[in-house]
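To keep things clear, I will list the structure first and then write my remarks on it.
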Amino acid sequence: MANEHRVFCWTIFVMFLLVNVATCQDALAPEGAGGRRGALVPAMFIFGDSLIDNGTELLGLPLMPAHSGASADQMRFGVNYASAAAGILDNTGRNFQIKNFENTLDQITDNLGAPDVAQALAKCMFFVGMGSNDYLNNYLMPNYDTKSRYNAQQYANLLVQQNNQQLTRLYNLGARKFVIGGVGLMGCIPSILAQSNSNGCSEEVNQLVLPFSDNVQSMLKQFKCQSSWFQIHLH
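Quick note, the sequence shown lines up with residues -24 to -1, 1 to 211 if you use mature numbering (1 follows the signal peptide of the UniProt record, and there is no 0).
Structure representation (structure tokens):
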């Protein structure tokens, strides 16, 4: 069920990119320097858990390297900062992904210059997919006291408040085109099924994440109203 949901989201994600960004030019990889003028986006930067680790070649881009192993040449096409343990909250999993992106940005700027990088970033795609670990590895874990401190709505409010700050940081760094990976219904994933006495899906867990999804949609609407340059697609 979880794998099917991820494949579905990835398929729609690629369709959205193909329809909406086919006119983008590859500005981070200059022509004549190994650039890919046929790419649908200059580069893609991935944040969150390990939801996406392949398929970027469909966009005319090479496979996104992990930040830890990315060379200066590879960074021009994008970087995958995703970590399987990452969460929106630090006590879920320390999240250094945006800081790592800032370091990447410094390296690219040194090579291309600030004006060229700023223009290119506005055309790049930023995929952000976080939140599931904050439930699975935090709120629903018996060794955390999170569930006793927050009800479902309060926890969703906390997550989206932090998520808002993270997206704002990326926007201030030059990001303009976002694809946001939402948190799907998690009541039927293996780790939840293993805790069920009836071996059935947990409707309680499914209901638990709904306030977060609603809050994310409201947050993105506010972003769109605040800036005409901010482009978002939610899955």
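Quick reminder that beta carbons are idealized off the backbone N, C-alpha and C, glycines included.
Every value quoted in this text rests on a predicted model; they were computed, and no experiment measured them.
DSSP-derived helix/strand/coil call for residue i
| i | result |
| --- | --- |
| residue 55 | strand |
| residue 45 | helix |
| residue 81 | helix |
| residue 70 | coil |
| residue 194 | helix |
| residue 94 | helix |
| residue -22 | Caution applies to residue -22, whose pLDDT of 46 falls short of 50 and renders its modelled position unreliable; the model cannot decide the point. |
| residue 199 | helix |
| residue 126 | coil |
| residue 187 | helix |
| residue 170 | coil |
Beta carbon of residue i nearer than 7 Å to that of residue j
| i | j | result |
| --- | --- | --- |
| residue 117 | residue 20 | no |
| residue 113 | residue 68 | yes |
| residue 175 | residue 163 | no |
| residue 140 | residue 195 | yes |
| residue 159 | residue 185 | yes |
| residue 25 | residue 60 | yes |
Beta-bridge partners of residue i, as assigned by DSSP
| i | result |
| --- | --- |
| residue 20 | 54 and 101 |
Beta-carbon contacts of residue i that lie in its chain and below 6 Å, excluding the five residues immediately before and after
| i | result |
| --- | --- |
| residue 56 | 22, 40 and 42 |
| residue 63 | 69, 109 and 110 |
| residue 120 | 114 |
| residue 73 | 23 and 57 |
| residue 38 | 53 |
| residue 80 | 51 and 55 |
| residue 122 | 114 and 115 |
Cut-off 7 Å between Cβ atoms - residues of its own chain near residue i, not counting five sequence neighbours on either side
| i | result |
| --- | --- |
| residue 178 | 163, 168 and 172 |
| residue 71 | 62 and 63 |
The ligand MN heavy atom lying under 6 Å from the CB of residue i
| i | result |
| --- | --- |
| residue 177 | Absent from the structure shown: the ligand MN. Ligands present: none. |
Sequence-distant residues of the same chain with beta carbon closer than 8 Å to residue i, five excluded per side
| i | result |
| --- | --- |
| residue 138 | 64 and 65 |
Cutoff 7 Å: residue i Cβ touching any chain C Cβ
| i | result |
| --- | --- |
| residue 22 | No chain C is part of this structure, which consists of one protein chain only. |
Query raised in the report: How do the region 167 to 177 and the region 49 to 64 stand: do at least 3 beta-carbon pairs fall below 8 Å, yes or no?
Result: no
Query - Touching by the beta-carbon criterion (3+ pairs, under 8 Å), the region 103 to 115 and the region 143 to 160 - result: yes
Report task. Could you say if the region 187 to 196 and the region 125 to 133 meet the contact criterion of at least three C-beta pairs nearer than 8 Å? Result -> yes
Requested in this report: Specify whether the region 90 to 98 and the region 137 to 145 touch according to this definition: at least 3 beta carbon pairs, one from each stretch, less than 8 Å apart.
Outcome: no
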